[in-house]
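Take 0 as the starting number for the sequence shown in numbering that gives the first Met the number 0 and just add one per residue.
Think of the CB as a built atom: it goes at the ideal place given N, C-alpha and C, for glycine as much as any other residue.
Input: a single structure, listed below in structure tokens.
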Amino acid sequence: MKNYVVKKYQSTSYSLWNEFVATAKNATFLFHRDFIEYHSDRFQDFSLLIFDEKENLKAILPANKVGDTIYSHQGLTYGGLILNQKSKLQDVLEITYNILRFLNENKVSTLNLKQLPSIYAQFPSEEMEYLSFILNAKLVRRDSLSVLDLKTDYSFSKDRKQAINRGIKNNLVIKEETDFKVFWNEILIPNLEQKHNAKPVHTLEEITFLKSKFPKNIRQFNVYKEDEIVAGTTIFVYDKVAKPQYISGNSDKNELGSLDFLYDFLVNEFKHKSYFDFGPSNEENGRKIKEGILFWKESFGSRTMVQNFYEIETKNYSLIENVLI
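Here it is as structure tokens:
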């Protein structure tokens with residue numbers, strides 16, 4: 000078993016980390032340190048860098064620590080082990096062995112992996128799916144994502160087309176904005192408070208800061224009727240995927256057709272991408288599905304992919320020792 004050196008992330012590795020993210024086979028802008036650290040006050044960072052014996056960086060693990068458990072990463076939509084483009088299965092076996100042994104020796108009992116959905120990777124990258132089997136990992140959650148494959152001959156349902164036409168007849172106008180204030184204060188925050196007694200994951204100040212750091216990846220589109228905002232979306236744009244992070248409309252959204260009108264615009268705006276990710280419709284760690292929301296997403300032509308969440312006991316690193324024969 001080849002030895003790798005596992006080190007905790009320090010600020011002195013800021014540039015090295017980000018350079019690795021930029022060329023990794025399964026990374027997105029969410030793994031840039033500027034994104035990970037915008038909410039550093041909420042998490043105890045325990046990110047790891049993994050080096051070979053020649054001190055070449057071979058993998059990273061964005062992570063935070065709670066008690067004796069490491070999560071990858073609770074502040075991100077997805078995580079997992081980030082690899083360079085040349086990584087092969089044997090490399091990942093040995094890297095994972097060394098990571099788990101390092102964690103076990105540092106009194107970390109459990110590693111919780113929030114896997115990157117396959118559509119976000121630049122190259123095939125499901126080594127950890129295989130290793131979860133080898134390590135007797137516990138599948139603690141599985142979300143069903145509604146994904147539209149933009150390379151196929153997809154079509155919207157009759158209901159969606161009718162709603163889109165309502166938007167056209169109501170003379171709705173979509174504008175890209177650089178300021179999130181109107182959408183946050185007039186649509187998003189009031190809706191979340193009223194419907195779910197909740198707040199956006201990102202504050203207005205946080206999303207504005209992230210936009211300043213990632214202007215091409217975070218974009219805001221608002222829907223107006225006679226210069227009054229009626230709906231909007233904050234969309235995260237990746238190399239292969241476009242994904243609305245927030246989307247919401249006022250109380251007249253069904254009558255106006257504003258959200259359907261907006262989604263029709265977005266799908267066409269990002270049709271040069273490979274996928275449009277409508278996100279999950281789950282509750283209770285994936286065991287329940289909000290039927291109405293799922294129906295609405297699938298009526299745009301989206302179909303199901305999954306995101307897996309695993310719990311791995313670090314003491315199981317020895318199970319990797321005899322995999323290769």
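Exercise for the section: Look up residue 140 in the DSSP assignment and give the residues it is bridged to. Expected result: According to DSSP, which records beta bridges pairwise, residue 140 is partnered with 308.
Practice task
Look at residue 33 and residue 212 and say whether their C-beta atoms are less than 8 Å apart.
Solution key: yes
Exercise for the section: Consult DSSP for residue 121 and reduce its assignment to one of helix, strand or coil. Expected result: coil
Exercise for the section: Report the residue from 259, 152, 126 whose alpha carbon sits nearest the alpha carbon of residue 248. Expected result: 259
Exercise for the section: Report the three-state DSSP secondary structure of residue 206 (helix, strand or coil). Expected result: helix
Exercise for the section: Inspect the beta-carbon positions of residue 46 and residue 77 and report whether they are closer than 8 Å. Expected result: no
Practice task
Please determine if the region 8–28 and the region 78–91 are in contact, where contact requires at least 3 C-beta pairs separated by less than 8 Å.
Solution key: Yes, since at least three Cβ pairs between the region 8–28 and the region 78–91 fall closer than 8 Å, the two stretches touch.
Exercise for the section: Classify residue 243 as helix, strand or coil using the three-state DSSP reduction. Expected result: strand
Handout entry: Closest Cα partner of residue 53 within the set 99, 14, 287, 5
Key = Check the Cα spacing between residue 53 and each of 99, 14, 287, 5: the tightest is with 5.
Practice task
Taking 8 Å as the threshold, find out whether the region 132–147 comes into contact with the region 283–293 through three or more Cβ pairs.
Solution key: yes
Practice task
Would you be able to state if there are at least three C-beta pairs under 8 Å between the region 230–248 and the region 260–280?
Solution key: Under the 8 Å Cβ criterion, the region 260–280 counts as touching the region 230–248, having at least three qualifying pairs.
Problem - N- and C-terminal bounds of the alpha helix (DSSP H) containing residue 101 - result: 88–104
Problem - Burial state of residue 120, where buried means 16 or more other Cβ atoms lie within 10 Å - result: Under this definition residue 120 is a buried residue.
Practice task
Go through the region 167–207 residue by residue and report every complete run of the alpha helix (DSSP H) that reaches 4 residues or more, in order.
Solution key: 188–195
Problem - Beta-carbon proximity check, residue 313 vs residue 110, cutoff 8 Å - result: Against a cut-off of 8 Å, the Cβ pair of residue 110 and residue 313 comes out as a contact.
Exercise for the section: Compute the beta-carbon to beta-carbon distance between residue 334 and residue 98, rounded to the nearest angstrom, for a pair I have assumed lies under 8 Å. Expected result: In the structure displayed, the chain extends from 0 to 324; residue 334 sits before or after that span and is not available.
Practice task
Find the nearest neighbour of residue 116 within the set 304, 322, 311, judged by alpha-carbon distance.
Solution key: 304
Problem - Proximity below 8 Å, CB of residue 298 to CB of residue 152 - result: no
Exercise for the section: Under 6 Å Cβ to Cβ from residue 219, same chain only, skipping five residues before and after it: list those, please. Expected result: 176, 179, 233
Exercise for the section: Whole angstroms is fine: what's the gap from residue 320's alpha carbon to residue 174's? Expected result: For residue 320 and residue 174, the gap between their C-alpha atoms comes out near 56 Å.
Problem - Where residue 32 sits in the DSSP three-state scheme - result: helix
Exercise for the section: State the Cα-Cα distance for the pair residue 100 and residue 227, rounded to the nearest angstrom. Expected result: 57 Å
Handout entry: residue 104 vs residue 0 beta-carbon contact at 8 Å
Key = no
Practice task
Below 8 Å on the Cβ atoms is my guess for residue 63 versus residue 44; work out the distance and round it to an integer in Å.
Solution key: 6 Å
Problem - Spatial distance of residue 140 from residue 310 (CA atoms) - result: 9 Å
Exercise for the section: Please look up how many angstroms separate the CB atoms of residue 208 and residue 316, rounded, as I've assumed it's under 8 Å. Expected result: With 8 Å as the limit, residue 208 and residue 316 do not qualify as a contact, their Cβ atoms being about 38 Å apart.
Problem - Extent of the continuous beta strand (DSSP E) to which residue 233 belongs - result: 227–236
Practice task
With distances taken Cα to Cα, identify the nearest neighbour of residue 102 among 263, 48, 185, 206.
Solution key: 48
Practice task
Mind reading off the beta-carbon distance from residue 257 to residue 222? Whole number of angstroms is fine, and I expect it under 8 Å.
Solution key: 5 Å
Problem - Buried versus exposed, by CB contacts within 10 Å (16 or more), residue 201 - result: buried
Practice task
Answer yes or no: do residue 318 and residue 135 have a C-beta to C-beta separation smaller than 8 Å?
Solution key: yes
Problem - First through last residue of the alpha helix (DSSP H) which encompasses residue 62 - result: Run containing residue 62: none; DSSP gives neither H nor E here.
Handout entry: Straight-line Cα distance separating residue 261 from residue 187
Key = 15 Å
Handout entry: Residue range of the unbroken beta strand (DSSP E) whose run includes residue 49
Key = Its beta strand (DSSP E) spans residues 47–50.
Practice task
Can you tell me which of the three DSSP states residue 113 falls into?
Solution key: strand
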